Structures are given as C-alpha cells and as structure tokens.
Amino acid sequence: MSVGTLIEFYFKLIICITITEEPLFLPGFSIIYTIPISSLRDISLSATLRTEADDQIVIMPVSKLLAKGERRKPNPTYQDDAIEVLCKVLHKRIPKKILEPDVARQMVLHSGGVLRELMRISNRCCRICLREIRRTPEQTDFKVTSVVLDEAIKDLRLDFETTLGKTDYTILKETYEKFLPEDPKEQAFLDLLHGLDVLEYRNSEVWYDVHPIVMDLLDRKGLINANS
Numbered sequence: 000m001s002v003g004t005l006i007e008f009y010f011k012l013i014i015c016i017t018i019t020e021e022p023l024f025l026p027g028f029s030i031i032y033t034i035p036i037s038s039l040r041d042i043s044l045s046a047t048l049r050t051e052a053d054d055q056i057v058i059m060p061v062s063k064l065l066a067k068g069e070r071r072k073p074n075p076t077y078q079d080d081a082i083e084v085l086c087k088v089l090h091k092r093i094p095k096k097i098l099e100p101d102v103a104r105q106m107v108l109h110s111g112g113v114l115r116e117l118m119r120i121s122n123r124c125c126r127i128c129l130r131e132i133r134r135t136p137e138q139t140d141f142k143v144t145s146v147v148l149d150e151a152i153k154d155l156r157l158d159f160e161t162t163l164g165k166t167d168y169t170i171l172k173e174t175y176e177k178f179l180p181e182d183p184k185e186q187a188f189l190d191l192l193h194g195l196d197v198l199e200y201r202n203s204e205v206w207y208d209v210h211p212i213v214m215d216l217l218d219r220k221g222l223i224n225a226n227s
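Heads up: the sequence shown begins at 0 in numbering that gives the first Met the number 0, then just goes up one per residue.
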C-alpha cells in the first residue's frame, strides 16, 4: 500500500468517525474545513459530507493559466489576468526588490496555478538563498534569480520522481495525452491527484493535466514530447 493510499484511508476513517458522532458540527460558530479534492471521488463519503454540511461544500478551483490543450502548442497563449493575480500574491511574501517580475512569472507558470505549489516553489527558492547567505554572509545583494529558480525546480522534480512507479508513469502519460485517465476513480490516479502530480481544472467540464514540473520529468524520460 502506497503512502498516499494510507493517508487517504486514515483521512476517510477519521472523517467517517467524526461525522457519525458529529463533533465537527457541534461548535456554535462558523468553521471552514478543508479536505483533499481526491476525497470527493468517494461517493458515500462525498454524499455524507454534503448532507451533514447542508450542501455547503465549495470546490476551490485551480487557477487556469492556460486553456485546455493550449500548453501543447509551440507558442501557447497564457491567461495573463490569472498570472498577474498569483504574482501579486507572491510579491506579498517576497519583495519585488529581491524577486524580479520575470522570475515571479516563471514561478507561477511552474505552479500550474495551484497556490500551495506556488508557495512551495517560493519557499524552496528562499531556502536556497538562505543557504548561500550562510556560506557568504559578507554578500548582501542576494536575489531570487532564474538560476535559483532552476535549482529549486530541479529539487522539486526529484521529489516528484522519488514517489513515482511504472503504473504512475502510465497514468501520467495517458492523462497528458487525453486530459483524462482511463479510470478517474482508480486509487493510483487518486494518489497522483492527492500528491498534485495531476491537477484538476474546471470550467464547463472537469479535466486534468499533469503538473508542469512532472511534465518536464516525463519529457526528460522520453515518455512525452512536451515541445511538440
């Protein structure tokens, strides 16, 4: 059993127990609970959550930085409004004087539109800079450059690669080609969705795409041609 499957199992177990005894809904004030998007693929759990929460479940969509299929084009057209919003969020954490606009934009594009991933990328970049500051404390003009970002992306790509196996690569390749796996309820796919190897997008339909960093990994392994 994979770590993702184990986490999902315990999460569902805890939710079922707490909903049955209803302690989650006892407080006399408003609470916002967050749950993994993959949990809503469980029909019985999803139905119970919607009933107990009075159907007040709100799906927080991933920001679409490109239209469906646009990433496969040689010169894709980006959704600049969405990118600008995420850049503004990023600059609230990292001042513009140490994070140039072009680097911030690349961070956003590598995040796939997922705020959590954007924070993870920025955090990894900051760690790299802090490491360099400790090595050369006399230098005071450190910036988050494209070189720093490239190193952060390489580290994250290795993090993703560590958790993937043969079945995962097959599902990722299929999802890249068709924007949908053969079986969206297969546990292996749900693990990838939970781990953000695969991202879910919504407009008039639900569709999926591979995380940009994982896409680069697939390209390096010759499983896809991301430049075609």
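Just so you know, even glycine gets a beta-carbon here, dropped at the ideal spot from N, CA and C. The structure presented is a predicted model; accordingly, all values stated were derived computationally and were not measured.
Check, Outcome
"Simplified DSSP assignment, three categories, for Glu173", "helix"
"Beta-carbon proximity of Ile36 to Leu171, cut-off 8 Å", "no"
"For Glu137 and Arg219, the rounded distance between their alpha carbons", "38 Å"
"Residue interval of the beta strand (DSSP E) (run including Val197)", "197-201"
"Nearest residue (CA-CA) to Lys153, options Arg123, Lys184, Cys128", "Arg123"
"Beta-carbon proximity of Lys67 to Phe188, cut-off 8 Å", "no"
"Cβ separation of Met106 and Ile120, assumed to be a contact under 8 Å, to the nearest whole Å", "5 Å"
"Where the beta strand (DSSP E) through Asp228 begins and ends", "Residue numbering for the chain in the displayed model covers 0 to 227; residue 228 lies beyond these limits and cannot be assessed."
"Three CB pairs or more closer than 8 Å across the segment 87-104 and the segment 139-146", "yes"
"For Leu65, three-class secondary structure by DSSP", "strand"
"Residues bridged to Asp208 [DSSP beta-bridge criterion]", "Leu198"
"8 Å contact criterion, which Phe159 and Leu216 should meet: CB distance rounded", "6 Å"
"Tyr228 - DSSP class collapsed to helix/strand/coil", "Nothing in the structure corresponds to residue 228, since the chain is present only between 0 and 227."
"Cβ distance (whole Å) where Val61 is taken to contact Gly112 below 8 Å", "5 Å"
"Counted within 10 angstroms of its Cβ, other Cβ atoms place Pro180 as buried (16 or more) or exposed", "buried"
"For Val213, the nearest candidate out of His90, Glu204, Gly194 (CA to CA)", "Gly194"
"Where Leu179 sits in the DSSP three-state scheme", "coil"
"DSSP state of Leu98 mapped onto helix, strand, coil", "strand"
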